[in-house]
Every structure is written in structure tokens, then in C-alpha cells.
Amino acid sequence: MITNLLSAGDLDRTDAIRILDTAEELLGVASRPIKKLPTLRGRTVVNLFFEDSTRTRISFEAAAKRLSADVINFSAKGSSVSKGESLKDTALTLQAMGADAVIIRHHSSGAPHRLAQARWTKGAVINAGDGTHEHPTQALLDAFTMRRHLSDSPAGSLGADLQGKNVTIVGDVLHSRVARSNALLLHTLGAHVTLVAPPTLLPVGVDHWPVETSYDLDASLEKADAVMMLRVQAERMNASYFPSAREYSRRYGLDTARLNRLPDHAIVMHPGPMNRGMEITADVADHVRSVIVEQVTNGVAVRMAVLYLLLGGAAGESDTTEEGTA
Ligand code: NCD
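Per our numbering, the sequence shown runs over residues 12 to 337.
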């Protein structure tokens with residue numbers, strides 16, 4: 012098993028399936044009256060968030076707490092980062108506090124890699140979204156959700172992959188770390204990915220990704236097993252990438268008419284936060300075939316699995332003398 016989770020591309024098929032299977036086993040914890048396991052008791056997990064987040068931060072916090080770890084939440088706002096403290100000094104401070112895992116979200120692509128490679132922390136580094144680059148745990152929770160709905164084996168089966176499934180990812184691929192991580196992981200799991208976007212919202216070099224690309228949403232709906240809508244990330248746009256919001260929705264938005272053209276078994280996904288009325292209509296977001304809320308629930312189980320496997324939870328339970336094993 013890997014020691015850090017920086018990119019979805021770090022995971023080979025065996026590691027990816029081990030995380031998904033472990034998450035499957037941990038999913039049941041959420042429906043128990045007492046949602047806690049003693050696995051990471053005495054371990055310290057730091058949530059280091061330099062960028063806004065609702066779902067991901069809360070999800071990691073819930074995951075760590077359900078495994079009984081001590082959680083320190085650090086957000087750049089209100090910290091010495093706003094006084095100009097560097098990532099290095101922030102990391103060294105956390106290291107001095109004995110962090111066993113550092114979960115980092117940063118506006119700069121590559122920040123988690125820098126943290127891990129410079130060894131500013133001895134803990135496991137988990138990328139919770141870096142700039143427009145990667146968001147590996149989102150890809151894992153997306154794959155987990157797809158596996159439960161689309162796999163030929165019954166939901167909850169272990170070892171299932173997504174061999175031969177067609178996943179269509181639509182929208183602002185250019186600014187999306189979710190799209191890149193999904194493309195890499197879904198390829199590893201045997202799925203076929205089509206990215207659909209206006210030409211202005213596809214990144215340079217996308218031809219080297221293990222995907223097909225298309226500018227035509229309608230043409231790719233009929234064969235999709237899952238359609239994942241991406242948020243239009245206006246905060247990262249420094250130019251005009253499409254004529255108007257209305258024009259964007261008309262060509263690339265998922266509405267009921269388009270939903271009806273999907274195969275009956277197909278599911279609708281979105282990593283959140285949604286721009287209702289822009290990339291997805293409210294009707295579709297709340298439709299029975301939308302698994303958007305379930306993605307959030309599954310995110311906790313997947314992040315529990317990642318923390319458990321990276322921190323050597325099983326070893327930690329029997330060994331109370333060692334420092335972090337990651
Ligand atoms: C995504 C992110 O932050 O990259 N959201 C998330 O983690 N749930 C996608 C987005 O912001 O649009």
C-alpha cells in the first residue's frame with residue numbers, strides 16, 4: 012500500500028480495489044447507533060485547509076473521528092498564514108505537534124506533493140484538492156458510488172471493478188481537479204471515460220489523458236452508465252470561456268429532456284457544490300436517479316478507508332508503543 016495519497020494515478024488496481032473494499036466494510040458503521048471504531052485511537056489527524064470547503068473538510072473530520080483519531084482543524088483564515096507564514100513553517104509547526112496524517116487542500120497545484128517530498132511532516136500526506144490539479148479521494152468516492160450502482164455484482168460486493176462501464180464527465184474540465192483524478196482512477200478500474208466540454212474548457216494536453224473527448228453532450232448520453240456534471244468554476248476564470256450562462260446551460264447543462272435520453276440504469280452525479288440552473292437543473296439534481304447526496308455519505312466511508320489503510324490502523328490497534336507507522 013502507498014504511504015501518501017497525492018494523485019489518483021498513484022493507485023494501481025490492487026490498491027484502488029483494496030480501498031473500495033475497505034470502504035464497503037466501513038460503510039455499515041454510519042448506520043449504527045454508535046458510529047465509532049477504536050482503530051485510530053491516539054493518532055492525530057490534521058485537516059490543513061488553505062481553500063474553502065464544506066463537504067471535503069467535514070467528511071475527513073467525520074471519517075477521522077469515527078475511527079477515534081484526534082482531529083486538529085486548521086483553516087488558513089484566522090491563522091498565521093494570513094500574516095504570511097509559509098507552507099513550510101505551517102507544516103513544521105504541525106509536525107512539532109506530532110501529526111500522523113496531514114490532509115491538505117491548497118489553492119496551488121502541487122502543494123501536497125511539496126509537503127510530502129520535502130518531508131516537512133513525517134505523517135501521511137493526503138491530497139484533499141490542490142488547485143486545478145487533483146482530488147483523489149473524490150475520485151475514490153465517485154468510483155465507490157458507481158460500483159454500488161453499476162457493477163454486475165450485487166451492491167456491496169467486494170473486489171468489483173468498473174470494467175467496460177461508460178462514464179461521461181461534463182463541463183468545466185479545465186479547472187476541475189475532480190475530472191483529472193476521475194479520469195486516472197476510472198481508467199485504472201477499466202471504465203471508459205468521455206469528457207464533454209466546450210473546446211475552451213478542455214485543458215491543453217487532454218489528448219494524453221486516458222479518455223475520449225467530445226463537444227457534443229447529446230451524442231454521448233445514450234451510451235452513458237454514469238454522467239458526472241462538473242461545477243462551472245467561475246472563481247478560477249480570468250476570461251470569458253463561453254458566451255453566456257444561458258448558452259452554456261443550453262449546450263452543456265443536464266435537464267430533464269437530456270436525463271430521459273440516458274439508459275434506464277444510468278446514474279447522475281455531481282461532486283458539489285452545485286450551481287443549480289447552470290450545469291444541472293434543480294429537477295435533475297433532486298431526481299431519483301441522482302446519487303449526489305449518496306456521494307457525500309459514501310465520501311465518509313471512503314475517507315475512513317484511506318485513513319485506516321495509510322495509518323496502518325490494524326497495526327495501531329495492537330501496538331500502543333510505536334509512533335505513526337505511515
Ligand atoms: C470539488 C472541489 O473542491 O474540487 N468539490 C468537492 O470537493 N466536493 C469540486 C468543485 O469545487 O466544483
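For each residue, glycine too, the CB sits at the ideal point set by N, CA and C.
- By DSSP's assignment, E35 forms no beta bridge with any residue.
- Your pair V56 and A127 does not check out as a contact, with CB atoms roughly 16 Å apart and the cut at 8 Å.
- Straight-line spacing of the CA atoms in A73 and T308 works out to 11 Å.
- Note that the C-beta distance between A154 and L196 is below 9 Å.
- With respect to the C-alpha of L169, the residue from K47, E223, A312 and E35 having the closest C-alpha is E35.
- Taking the CA atoms as reference points, M12 sits about 22 Å from N58.
- Linking T179 to P49 through their CA atoms gives a straight-line distance of about 39 Å.
- Three or more beta-carbon pairs separated by less than 8 Å link the stretch 63 to 71 to the stretch 139 to 155, which places the two stretches in contact.
- A distance below 6 Å between beta-carbons, with the five flanking residues on each side excluded, links L37 to the following residues of its chain, in chain order: A312, M315 and A316.
- Classified as buried, G140 has 16 or more neighbouring CB atoms from the shown chains inside 10 Å of its CB.
- As the crow flies, the alpha-carbon of A19 is around 24 Å from that of K99.
- Closer than 8 Å to some heavy atom of the ligand NCD: that describes the Cβ of H146.
- Beyond the five residues adjoining it in sequence on each side, G142 comes within less than 8 Å, by CB distance, of H117, H118, S119, S120, G121, A122 and R188 in the same chain, given in chain order.
- Near the ligand NCD, residues with a Cβ at less than 7 Å from any of the ligand's heavy atoms are S64, R66, T67, G140, H146, Q149, S187, R188, V189, L241, R242, Q244, P282, G283 and P284; the list follows chain order.
- Going by beta carbons, M248 and G264 fall outside the 9 Å limit.
- I45 is classed as exposed because its beta carbon has fewer than 16 other beta carbons within 10 Å across all chains shown.
- Counting other Cβ atoms within 10 Å of its Cβ, P282 reaches 16 or more and is therefore classed as buried.
- Per the C-alpha coordinates, the member of F60, A208 and H203 positioned closest to N84 is F60.
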